[in-house]
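Peer 1: With the working numbering applied, the sequence shown closes on residue 379, and no number is skipped along the way. Have a look at this one before I ask anything.
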Amino acid sequence: MGFRYRKSIRLGGGFRINISGSGIGYSWGVPGYRITKTANGKIRQTASIPGTGLSYSTEESLHKSARRNTAKESPYIDTEVIQSVDRENYKDSDFKALMKKIRRTRFLNKASLIIGSIGLLAFIVLHTPQRLFLTIFSFAVFFYVHYVAPVKLEYDFTDEQRAAYEEWYTAWRKLFACDTVYYVPETYTNSNAREHGGAEKTISEEKVLGMPNLPYYLRTNVPVFSVALNQRESFYIFPDKIFYIHNKNISAYDIAEVSFEVDSTNYVTDEAHLPADSKVVGNTWLNVNSDGSPDRRYKHNMPCLICEFGKLRISSDTGLDVLFLLSNADNVEQFKSILPQ
39 MGFRYRKSIR LGGGFRINIS GSGIGYSWGV PGYRITKTAN GKIRQTASIP GTGLSYSTEE
99 SLHKSARRNT AKESPYIDTE VIQSVDRENY KDSDFKALMK KIRRTRFLNK ASLIIGSIGL
159 LAFIVLHTPQ RLFLTIFSFA VFFYVHYVAP VKLEYDFTDE QRAAYEEWYT AWRKLFACDT
219 VYYVPETYTN SNAREHGGAE KTISEEKVLG MPNLPYYLRT NVPVFSVALN QRESFYIFPD
279 KIFYIHNKNI SAYDIAEVSF EVDSTNYVTD EAHLPADSKV VGNTWLNVNS DGSPDRRYKH
339 NMPCLICEFG KLRISSDTGL DVLFLLSNAD NVEQFKSILP Q
């Protein structure tokens, strides 16, 4: 039927707290591996190949007697990890040269801060003017890096090309001008949809954080759409490229090699979390029978709403993989019309 609500709170260091209708669980992991203690007391381990959608998941109970019934009681039968990977290798010579310039600029910035701080500390402790000169020189390099050395990506458009790009940029702004936009790093196939509001999948979701400014090492003469997935991940869409930043590592992708998959999906939530611009297409219960009636075996069963959401997946064979759910399905459908066929 679609997706069921699940809230994931990142604490840093790979730790997360997961809140769902079943209770509270927590997990720790790195790209390619995650171990989770679920709300019902089980331990789930998921290994994956980032950027491919391939994963393998095992689950066991904390108690030996429960381990024999794990396959029967597991709430999920499959986990898909949706995670872009940091790109290191580039076949195209222009991309190689571009990334080399970016790395050099970032190195100069880091070196100037470290050397300047050490020089300032040495001047304060030793009171030697040579150390002060070193600090002044380092800060001069810092200003050079931020105001002179940034990599300039300038575009010389014809009137027709400029109009086409402005339409592309405006479409991205309108697409993300929804009441709610979720970044989805993981999806779980439910073993029993009737215990999840009739939804076939449960998602781990995070609200995106808005449009960040360009990093200091990039400059351009055109408007650039950007979105921060969380505190550690963001991406920037240029006319001919996409930059993905993860933990301060930057990867670049030729936009011609990137695919944009757009679709609509059903999303199960409660009235308290219903986005203002989402279209309600049906009603259900958190624990529901096959005929749509509430399962009376559950004392605290609650009514849920089925909403129509838009789904956007951005991916490439070179490691980019990002999935969004957007509350305004009409905006997503309009965006679909301008995508390259």
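Glycine included, C-beta positions come from ideal geometry on N, C-alpha and C. Keep in mind the model is a prediction, meaning the values are calculated, not measured.
Is there contact between the segment 299-315 and the segment 342-349, where contact requires at least three CB pairs shorter than 8 Å?
Peer 2: These segments touch.
Peer 1: If you follow the alpha helix (DSSP H) that residue 373 is part of, which residue opens it and which one closes it?
Peer 2: Run containing residue 373: 367-374, per the alpha helix (DSSP H) assignment.
Peer 1: Would you mind sorting residue 366 into buried or exposed? The rule is 16 or more other CB atoms within 10 Å of its CB.
Peer 2: Classification of residue 366: buried, given that the 10 Å Cβ count is 16 or more.
Peer 1: Have a look at residue 123 and residue 289 and give me their C-alpha separation to the nearest angstrom.
Peer 2: So the alpha carbons of these two residues sit roughly 9 Å apart.
Peer 1: Quickly, what does DSSP pair residue 363 with across the bridge? List them, please.
Peer 2: For residue 363, which the question treats as bridged, DSSP gives the partners 220, 349.
Peer 1: Spell out the partners DSSP gives residue 341 in its beta bridges.
Peer 2: Per DSSP, 323.
Peer 1: Going by C-alpha to C-alpha distance, which of 241, 210, 218, 216 sits closest to residue 224?
Peer 2: For the residues 241, 210, 218, 216, the minimum Cα distance to residue 224 belongs to 241.
Peer 1: Among 358, 359, 355, 349, which has the Cα closest to the Cα of residue 372?
Peer 2: For the residues 358, 359, 355, 349, the minimum Cα distance to residue 372 belongs to 349.
Peer 1: If residue 220 and residue 312 are in contact, beta carbons under 8 Å, what's the gap, nearest whole angstrom?
Peer 2: The pair is not a contact, with the Cβ atoms about 14 Å apart (cut-off 8 Å).
Peer 1: Suppose only complete runs of 3+ residues qualify. What are the beta strand (DSSP E) ranges in the segment 109-142, listed by chain order?
Peer 2: Fully enclosed beta strand (DSSP E) runs of 3 or longer: 114-119.
Peer 1: I need the straight-line Cα distance from residue 71 to residue 299, nearest angstrom please.
Peer 2: Answer to the nearest angstrom: the Cα atoms are 26 Å apart.
Peer 1: In or out: residue 121 buried (at least 16 other Cβ within 10 Å) or exposed?
Peer 2: Buried, by the Cβ-count rule.
Peer 1: In whole angstroms, what separates the C-alpha of residue 211 from that of residue 301?
Peer 2: Near 18 Å, if we compare the C-alpha coordinates of residue 301 and residue 211.
Peer 1: Using 10 angstroms around the beta-carbon of residue 265, count the other beta-carbons present and answer buried if the total reaches 16, otherwise exposed.
Peer 2: So residue 265 ends up on the buried side.
Peer 1: Report the option in 256, 215, 222, 255 whose CA atom is closest to the CA atom of residue 248.
Peer 2: Here the closest residue by C-alpha is 215.
Peer 1: Looking at the secondary structure, which residues open and close the alpha helix (DSSP H) in which residue 201 lies?
Peer 2: Residues 197-213.
Peer 1: Which residues bound the beta strand (DSSP E) around residue 304?
Peer 2: Taken as a continuous stretch (DSSP letters only), the beta strand (DSSP E) holding residue 304 covers 296-307.
Peer 1: Go through its chain and collect everything with a Cβ distance to residue 257's Cβ below 6 Å, but skip five positions before and after it.
Peer 2: For residue 257, where only same-chain residues beyond five positions count, the Cβ hits under 6 Å are 188, 190.
Peer 1: Counting only runs of 3+ residues fully inside the segment 251-289, write out the beta strand (DSSP E) ranges in chain order.
Peer 2: Entirely contained in the segment 251-289, the beta strand (DSSP E) runs reaching 3 residues are, in chain order, 256-258, 263-266, 271-275, 279-284.
Peer 1: In the DSSP assignment, find the unbroken beta strand (DSSP E) run with residue 240 in it and report its ends.
Peer 2: Residue 240 -> beta strand (DSSP E) spans 239-245.
Peer 1: Is DSSP giving residue 107 helix, strand or coil here?
Peer 2: With a pLDDT of only 44 at residue 107, under 50, the local geometry of the prediction cannot be trusted, and the value read off the model is given with reservation. Three-state result, residue 107: coil.
Peer 1: Between residue 267 and residue 246, how many whole angstroms is the CB-CB distance? I'm expecting something under 8 Å.
Peer 2: Indeed they touch by this definition, with Cβ atoms about 6 Å apart.
Peer 1: Which same chain residues end up closer than 7 Å to residue 107 when comparing Cβ atoms and leaving out the 5 residues on each side of it in sequence?
Peer 2: Low local confidence applies: a pLDDT of 44 at residue 107 is under 50, so the model's placement there is unreliable, with the coordinate-based value given in what follows. So no residue of the chain qualifies.
Peer 1: Between residue 358 and residue 255, which are expected to be in contact by the criterion C-beta below 8 Å, what is the C-beta distance as a whole number of angstroms?
Peer 2: In fact, because the Cβ distance is near 20 Å, the residues do not count as touching under 8 Å.
Peer 1: Could you pull the start and end residues of the beta strand (DSSP E) that residue 191 belongs to?
Peer 2: Per DSSP, residue 191 belongs to the beta strand (DSSP E) from 189-191.
Peer 1: Less than 8 Å between the CB atoms is what I'm expecting for residue 84 and residue 119, so what's the real figure, rounded?
Peer 2: The pair is a contact, with the Cβ atoms about 6 Å apart (cut-off 8 Å).
Peer 1: Could you tell me whether the Cβ atoms of residue 274 and residue 252 are closer together than 8 Å?
Peer 2: Yes.
Peer 1: Just the C-alpha distance for residue 138 and residue 222, rounded to the nearest angstrom, thanks.
Peer 2: Spanning the two alpha carbons is a distance of roughly 31 Å.
Peer 1: Report the three-state DSSP secondary structure of residue 82 (helix, strand or coil).
Peer 2: If DSSP states are grouped into helix, strand and coil, residue 82 belongs with the strands.
Peer 1: Please report the distance separating the alpha-carbon of residue 324 from that of residue 339.
Peer 2: Approximately 6 Å, taken between the alpha carbons.
Peer 1: Looking only at its chain, what residues have a beta carbon closer than 7 Å to the beta carbon of residue 374, apart from the 5 residues adjacent to it on each side?
Peer 2: Correct list, in chain order: 300.
Peer 1: Starting from the C-beta of residue 356, find all residues in its chain whose C-beta is less than 7 Å away, skip the five residues before and the five after it, and write them out in chain order.
Peer 2: Closer than 7 Å at the Cβ level, and outside the excluded window around residue 356, lie 125, 291, 295.
Peer 1: Using only the alpha-carbon positions, how far apart do residue 135 and residue 320 sit?
Peer 2: Near 53 Å, if we compare the C-alpha coordinates of residue 320 and residue 135.
Peer 1: Leaving aside the five residues before and after residue 176 along the sequence, list all residues of the same chain whose C-beta is less than 7 Å from its C-beta, in chain order.
Peer 2: Within the same chain, residue 176 has close Cβ partners 150, 153, 154, 157.
Peer 1: Would you call residue 318 buried or exposed, if buried means 16 or more other Cβ atoms sit within 10 Å of its Cβ?
Peer 2: Answer is exposed; the Cβ neighbour count stays below 16.
Peer 1: What does the alpha-carbon distance come out to for the pair residue 67 and residue 353?
Peer 2: Straight-line Cα distance between these residues: approximately 22 Å.
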